[in-house]
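Residue numbers (this note's numbering): 405 to 613. A short worksheet on the structure shown next.
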Amino acid sequence: MAAKPVVKRLVVLVSGSGTNLQALLDAIATTGAEAYGAEIVAVGADRAGIEGLARAERAGLPTFVCRVKDYATREEWDAALAGAVAAYEPDLVVSAGFMKIVGKEFLARYGGRFINTHPALLPSFPGAHGVRDALAYGARVTGCTVHFVDDGVDTGPIIAQGVVEVRDEDDESALHERIKEVERRLLVDVVGRLARNGYRIEGRKVVIQ
Ligand code: GAR
C-alpha cells in the first residue's frame, strides 16, 4: 500500500485584509491538501475585527487574537503568541501581512520555520512601509520577497522574490495592488514547495530539496 502523503500543518498570522491568506486557502481547496502538501490548521491575528479573520471563519478554521495591549510587556505578548500558535502544533508558521515583530521566545520555537512575505525586494525597503518607501525613493522596479524570519527586521534568509515594475502614474495603493498579485502567487508556490519537498537553510541560502 502506498504511504499516505504527509500534509504539513500551517498556522497563518494576519493583521489586515488577508488576501494572501485567501490565496493559500483557495490553492489548498483547489489542489487538495495532500497534493498541495499542507493544510491551514488555524489563523491568528494581533487585532480583532479584520477581514483576514473573517476569511478564516468563513473557511471554518479556528482563529485566535493576541493583542499587544492585553499584556504588561512585549515579552509577555510574545510568549502568549508563541503559546497560542503552539496549541495548533504547526510545522510552518506564515506571516501573511502580520504587522508585528515577534520576539525571542517566538523565534526560539519557530526560527527556521517562520515565513514572512514582504512587499519589496529585500534588502531594499524593509519595515512597515515597503511600498511607500520604494515609491518615494524613485525605484523603477520593486516587488515582493518571501523569506524566513530572523531576529532582525526583514533580514532573514530569502526564499523567493518577484519583480514588479513601477509605473510613472503609480501611487502607493496602485503599486501595492500589482505587487500583491505577484506576491499571492509567489507565496502559494513557495509554501507548497517547502511543505512538499522539505528544505535546508545554509547560512543565507535556502535550498528547497
Ligand atoms: C502584503 O503585501 C504583505 O507583504 C504586507 O502586507 C500585505 C498584506 O496583504 N506585509 C508587510 O508590509 C509586512 N512588513 P493581505 O492582508 O491582503 O494579505
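For every residue, glycine included, the Cβ atom is placed at its ideal position computed from N, Cα and C. None of the values given here were measured: they were computed from a predicted structure.
Option nearest residue i by Cα separation, candidates the options
i, options, result
"residue 522", "502, 453, 456", "502"
"residue 492", "445, 482, 513", "445"
"residue 498", "571, 518, 424", "518"
"residue 566", "545, 558, 436", "545"
"residue 442", "448, 428, 515", "428"
"residue 408", "437, 419, 480, 432", "437"
"residue 530", "550, 486, 484", "550"
"residue 588", "421, 537, 425, 414", "425"
"residue 511", "489, 453, 580", "489"
"residue 456", "602, 423, 494, 412", "423"
"residue 591", "562, 542, 484", "562"
"residue 421", "564, 506, 414, 449", "449"
"residue 466", "579, 458, 602", "458"
DSSP-derived helix/strand/coil call for residue i
i, result
"residue 590", "helix"
"residue 521", "strand"
"residue 596", "helix"
"residue 562", "strand"
"residue 472", "helix"
"residue 552", "strand"
"residue 578", "helix"
"residue 511", "helix"
"residue 429", "helix"
"residue 609", "strand"
"residue 569", "strand"
Proximity test, residue i beta-carbon vs the ligand GAR heavy atom, cut-off 7 angstroms
i, result
"residue 456", "yes"
"residue 564", "no"
"residue 548", "yes"
"residue 434", "no"
"residue 523", "yes"
"residue 418", "yes"
"residue 577", "no"
"residue 583", "yes"
"residue 528", "no"
"residue 500", "yes"
N- and C-terminal bounds of the beta strand (DSSP E) containing residue i
i, result
"residue 489", "From DSSP, residue 489 is part of no beta strand (DSSP E) but of the alpha helix (DSSP H) over 478 to 490."
"residue 456", "Where residue 456 is concerned, there is no enclosing beta strand (DSSP E), although the alpha helix (DSSP H) it sits in stretches over 455 to 462."
"residue 504", "Taken as a continuous stretch (DSSP letters only), residue 504 belongs to no beta strand (DSSP E), as it is neither H nor E."
"residue 442", "442 to 449"
"residue 412", "412 to 418"
The alpha helix (DSSP H) enclosing residue i, as first and last residue numbers
i, result
"residue 539", "534 to 541"
Cβ of residue i within 8 angstroms of any chain D Cβ
i, result
"residue 605", "Among the protein chains of the structure shown there is no chain D, as only one such chain exists."
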